[in-house]
Amino acid sequence: MNKKKFYPNYFTFPAVILFIIFYCIPIIAGFFMSFTDWHIKRLLTPKFVGFKNFIRLFGDEHFILALKNTVLFALSTTIGIVILGLLLALLLNSAVKGKAFFRTVFYLPAVLSLIVIGIMFKAVFKMDGGILNNILTVLGLQSLTNDWLGNPKTAMFCIIFVQIWKWSGFAMAIYLAGLQGISADYYEAATIDGATALQKFRNITLPLLMPAFTVVITMNTIGGFKVFEQVYVMTNGGPGFSTQVLSTYIYSEFSKGSLGRSSAMSLLLFLMISTIAVILNTALRKREVEM
Amino acid sequence: MRNKVAKKLLSVILVASMAVGLAACGNAGEETQGGADAAENTENVEAENDTEESDSAESEASEGETAAAGEADFSILEGKTIAFMTSQAKYFEAYQTMADAIEADYGCTVEFQVIPDDEYTSMTNLKLSTGEVPDVFEQNFPSQNVTINVYDYCEDLSNEPWISRLINPDLLKDMKDGKIYALPKESSSGYQAVYYNKQLLEDCGITDPNPKTYQEFLDILKAVKENSDATPFLQTNADNWTTQIYMTGGIAVALGDNAAATYEKLLNNEITWSEIPEAEEILQKYIDLYEAGYVNEDNLSIGYDDAAAIMADGKAAMYLTIEQWAIDFENNYDIELGSFAIPHNDIPNLPTGNYVQGLFVPNGGSQIEEAKAFLQVWSMPKYQNIYYESNPGFPAFNDVDGGAVTPCVQDLVDNYISTGQYSYEINGQLADANGCFNDLWNLYVEAAAGTKNAGEVWESFQPIYTDYMEQQGYEAFQ
Numbered sequence: 001m002n003k004k005k006f007y008p009n010y011f012t013f014p015a016v017i018l019f020i021i022f023y024c025i026p027i028i029a030g031f032f033m034s035f036t037d038w039h040i041k042r043l044l045t046p047k048f049v050g051f052k053n054f055i056r057l058f059g060d061e062h063f064i065l066a067l068k069n070t071v072l073f074a075l076s077t078t079i080g081i082v083i084l085g086l087l088l089a090l091l092l093n094s095a096v097k098g099k100a101f102f103r104t105v106f107y108l109p110a111v112l113s114l115i116v117i118g119i120m121f122k123a124v125f126k127m128d129g130g131i132l133n134n135i136l137t138v139l140g141l142q143s144l145t146n147d148w149l150g151n152p153k154t155a156m157f158c159i160i161f162v163q164i165w166k167w168s169g170f171a172m173a174i175y176l177a178g179l180q181g182i183s184a185d186y187y188e189a190a191t192i193d194g195a196t197a198l199q200k201f202r203n204i205t206l207p208l209l210m211p212a213f214t215v216v217i218t219m220n221t222i223g224g225f226k227v228f229e230q231v232y233v234m235t236n237g238g239p240g241f242s243t244q245v246l247s248t249y250i251y252s253e254f255s256k257g258s259l260g261r262s263s264a265m266s267l268l269l270f271l272m273i274s275t276i277a278v279i280l281n282t283a284l285r286k287r288e289v290e291m
Numbered sequence: 292m293r294n295k296v297a298k299k300l301l302s303v304i305l306v307a308s309m310a311v312g313l314a315a316c317g318n319a320g321e322e323t324q325g326g327a328d329a330a331e332n333t334e335n336v337e338a339e340n341d342t343e344e345s346d347s348a349e350s351e352a353s354e355g356e357t358a359a360a361g362e363a364d365f366s367i368l369e370g371k372t373i374a375f376m377t378s379q380a381k382y383f384e385a386y387q388t389m390a391d392a393i394e395a396d397y398g399c400t401v402e403f404q405v406i407p408d409d410e411y412t413s414m415t416n417l418k419l420s421t422g423e424v425p426d427v428f429e430q431n432f433p434s435q436n437v438t439i440n441v442y443d444y445c446e447d448l449s450n451e452p453w454i455s456r457l458i459n460p461d462l463l464k465d466m467k468d469g470k471i472y473a474l475p476k477e478s479s480s481g482y483q484a485v486y487y488n489k490q491l492l493e494d495c496g497i498t499d500p501n502p503k504t505y506q507e508f509l510d511i512l513k514a515v516k517e518n519s520d521a522t523p524f525l526q527t528n529a530d531n532w533t534t535q536i537y538m539t540g541g542i543a544v545a546l547g548d549n550a551a552a553t554y555e556k557l558l559n560n561e562i563t564w565s566e567i568p569e570a571e572e573i574l575q576k577y578i579d580l581y582e583a584g585y586v587n588e589d590n591l592s593i594g595y596d597d598a599a600a601i602m603a604d605g606k607a608a609m610y611l612t613i614e615q616w617a618i619d620f621e622n623n624y625d626i627e628l629g630s631f632a633i634p635h636n637d638i639p640n641l642p643t644g645n646y647v648q649g650l651f652v653p654n655g656g657s658q659i660e661e662a663k664a665f666l667q668v669w670s671m672p673k674y675q676n677i678y679y680e681s682n683p684g685f686p687a688f689n690d691v692d693g694g695a696v697t698p699c700v701q702d703l704v705d706n707y708i709s710t711g712q713y714s715y716e717i718n719g720q721l722a723d724a725n726g727c728f729n730d731l732w733n734l735y736v737e738a739a740a741g742t743k744n745a746g747e748v749w750e751s752f753q754p755i756y757t758d759y760m761e762q763q764g765y766e767a768f769q
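Chains as they are written, first to last, in my numbering: chain A, 1 to 291; chain B, 292 to 769.
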């Protein structure tokens, strides 16, 4: 006989109280503070300013630039990771020699510290003596050498590349889990019916892999909008303001003491991420197929 | 430990009696007015020191040490760890040697937290505002007092025992309340000059350059470009605080006698930055250096820490920076440097800071008394001399031996400071607005990158400036 054991609800109180103090209250306070002129100099006397912080943000050229950079980063990295992760997973799901080794190698960047990765890629992208420029020079492509992180036109793409490099292996692991859950019977039946490899991929693999896509796309989109460390370590938003993203801009406003304004930016970022995550999740879940 | 305390007390009594006897004829505490004057004053102290017997110097040091110690009980430092936050550019290896000596004498460990330069001010502000503070931290003062809001977050150190030993206390007083909020490292600093590789310039046919007009400065750059493979003018814009040096000093020099009036108008919101022709002119000349090919191509991705190796390798001929870099460079490389000031608008004045670097004690710290005791110990000649042995300069205290200053820095004192040919850079004069200058420096970097012209930089900066001043609560901006 299966006997269920019940515990009283008040056992959850300590956890709930901590959750309220350290999670709910700061979020609610942040929401209200974004409508005030809260500043380090007026910590205890913030005044209600309505939508002034938000209006000012949309007239701020650096906020707009940070917003554009954030959207560019989130979109590019998500697309890159989804595609590259899938290619790696498909490759390493087949009968490749040493696939366990390669799976580990490709997954490895996901467990490395972002700070370490940032410093490592600074050496790669360095203009004088950088690994990338050295390779280009050896290949006779000296005309393509560049100050990759110092050039405002290429710096953002370098950071995007690093993000894709870091997280593709992680996406690969999620896809692999999905691929291994697809029964071989479907493929056998399709083969008997004379389906080509592309048809099998389109009609079997892709639909049955949709739950994995949902996870990868949602996680990377949210991660992309929240990006901070990579930018902070590799360029700190520079040169000038060229790689500034929302999180680094919020940090810079916060450190200037503009707490109300940084709260307003955080609220906008929160709303943006929530909306996109809900839309994506809903849209992707509709396409998922029951096995 | 008891013996140690007893010995200390005995030496305090002995030295106090000696000090009383000597007080009537002593004038070591004579004050000077400006930071630059302090360099001359320190020179005199050093010259006097040189003529004395070595044992007399030792006794002076010991006297200073005990006087610095006063009657404070340093036993509170025993077994404590002092968290000491500083930035990469401010940190010197000698700090660790000083810390080791203090640990040996007082049993107090120092834990250095060295923050990258480009994050330092924002990190300091963040720590102060959130209360996650180190025991002491290093920052320029009094120019940064407003930016880091010392009034709310730092201890007033005006009544500490080491104040009486300061060479230049007037420079250190806060412009608003006249209090001293930090223990200074030097009596004068921030000589914003071009430090050049002497041999490399000689190979280009230039010996002991001393440009009196801006054209003469450009001629030097041209000669280097034409006669060597070296970059004439090294810039390290990955650290935007190094980018600003040209403008921060140049605008002040170009403004000349109008400087004070212009700063006042800016602070009263009577003019905009775009309405200062000197600001646009100096920035344009800076941009012209890039367009003329005088600046290294990788300027946007290399930082202050990279400069020494580049100069030592002969890849660059000149670097516009501050004297601390030159002192550090000559300590580490066997290459002779020379120096001169850029004659902005044909005025051969040396831009200098009316600030020094100092150690602050945050009032949110958990060991305030220990931190104050630590500062008192840190200021003692025994430990300060350790720093100046390897980094000769202009000490803040009248009983500390600054050592033989690097010739290229001494030349600046002789050629510019002693002759009155210097101007205070704008950051110190506009201390109230310092908190938004990081954005301005980023805009300078954009100008260096070619994505903004001089006019656009000032147009972009104006709303940032007015907004910052409004946020700070200045009436003229409400």
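Quick reminder that beta carbons are idealized off the backbone N, C-alpha and C, glycines included.
Check: Identify, in the order they occur along the chain, each residue of the same chain with its Cβ nearer than 7 Å to the Cβ of B:D447, setting aside the five sequence neighbours on each side.; Outcome: K470, Y472
Check: What separation, rounded to the nearest whole angstrom, lies between the Cα atoms of A:G238 and A:P152?; Outcome: 8 Å
Check: Kindly say whether B:A740, judged by its beta-carbon, lies nearer than 8 Å to any beta-carbon of chain A.; Outcome: yes
Check: Given a cut-off of 8 Å on the beta-carbon distance, is the pair B:Q482 and B:V700 in contact?; Outcome: First, the amino acid is wrong: residue 482 of chain B is Tyr here, not Gln. Taking 8 Å as the Cβ cut-off, B:Y482 and B:V700 qualify as a contacting pair.
Check: With a CB to CB cut of under 7 Å and the five nearest residues on each side skipped, what residues in its chain are close to B:A374?; Outcome: E402, Q404, P425, D426
Check: Does B:S378 have its Cβ less than 8 Å from a Cβ in chain A?; Outcome: no
Check: Short of 6 Å in beta carbon distance, which residues of its chain neighbour A:I222, apart from the five on each side in sequence? Order them along the chain.; Outcome: I273, A277
Check: Counting only beta-carbon separations shorter than 8 Å, does A:D185 have a partner in chain B?; Outcome: no
Check: Which residue spans inside the segment 412-437 of chain B form an unbroken beta strand (DSSP E) run of at least 3?; Outcome: 427-432
Check: Can you find a CB in chain B that lies within less than 8 Å of the CB of A:N236?; Outcome: yes
Check: Between the alpha carbons of A:N281 and B:Q379, how many angstroms are there, rounded?; Outcome: 45 Å
Check: Which residue comes first and which comes last in the alpha helix (DSSP H) that contains A:A184?; Outcome: 184-192
Check: Return the bridge partner residues of B:M376 from the DSSP annotation.; Outcome: B:Q404, B:F428
Check: Just to check my reading of the structure: B:L512 and B:I601 have Cβ atoms closer than 8 Å, yes? What is that Cβ distance to the nearest angstrom?; Outcome: Not quite, the Cβ-Cβ distance comes to about 16 Å (not below 8 Å), so this is no contact.
Check: Would you tell me roughly how many angstroms separate the C-alpha atoms of A:L114 and B:W532, rounded to the nearest one?; Outcome: 25 Å
Check: Check distances from the C-beta atoms of the segment 524-542 of chain B to those of chain A and list, in chain order, the residues that come in under 8 Å.; Outcome: N528, A529, N531
Check: Count the other CB atoms, across all protein chains shown, that sit within 10 Å of the CB of B:S657; report buried if there are 16 or more and exposed otherwise.; Outcome: exposed
Check: Is B:Y397 helix, strand or coil by DSSP?; Outcome: helix
Check: Please classify A:S34: is it buried, with 16 or more other beta-carbons within 10 angstroms of its beta-carbon, or exposed?; Outcome: buried
Check: Using a C-beta cutoff of 8 Å, does A:M127 count as contacting chain B?; Outcome: yes
Check: If distances are taken between C-alpha atoms only, which option among B:L574, B:L666, B:Y713 comes closest to B:T643?; Outcome: B:Y713
Check: Taking 7 Å as the limit between beta carbons, can you name the residues of its chain near A:L86, skipping five residues before and five after?; Outcome: Y175
Check: What's the gap between the Cα of A:D185 and the Cα of A:F101?; Outcome: 28 Å
Check: Does any CB atom of chain A fall closer than 8 Å to the CB of B:D409?; Outcome: yes
Check: Please check the pair B:E451 and B:L666, which I expect to be a contact at CB under 8 Å, by giving their CB distance rounded to whole angstroms.; Outcome: 7 Å
Check: Tell me whether A:V245 sits in a helix, a strand or coil according to DSSP, three-state version.; Outcome: coil
Check: What residues of chain B sit near A:D147, judged by a beta carbon separation below 7 Å?; Outcome: E588, D589, L591, S592
Check: Anyone know if the C-beta pair for B:D530 and B:D396 falls short of 8 Å?; Outcome: no
Check: When burial is assigned at 16 or more other CB atoms within 10 Å of the CB, is A:S143 buried or exposed?; Outcome: exposed
Check: Using C-beta distances below 8 Å, list every residue in its chain close to B:I677, excluding the 5 sequence neighbours before and after it, in chain order.; Outcome: A385, T388, M389, A392
Check: For A:P46, would you say it is in contact with chain B, using Cβ-to-Cβ distances shorter than 8 Å as the test?; Outcome: no
Check: If you follow the alpha helix (DSSP H) that B:Y487 is in, where does it begin and where does it stop?; Outcome: B:Y487 -> not in any alpha helix (DSSP H); beta strand (DSSP E) instead, spanning 484-488.
Check: Just mark B:T498 as buried or exposed, buried being the case when its beta carbon has 16 or more other beta carbons within 10 Å.; Outcome: exposed
Check: Check for me: the alpha helix (DSSP H) holding A:M219 runs from which residue to which?; Outcome: 210-225
Check: Do A:G257 and A:N53 have their C-beta atoms closer together than 8 Å?; Outcome: no
Check: Can the beta-carbon of B:F508 be found closer than 8 Å to that of B:I613?; Outcome: no
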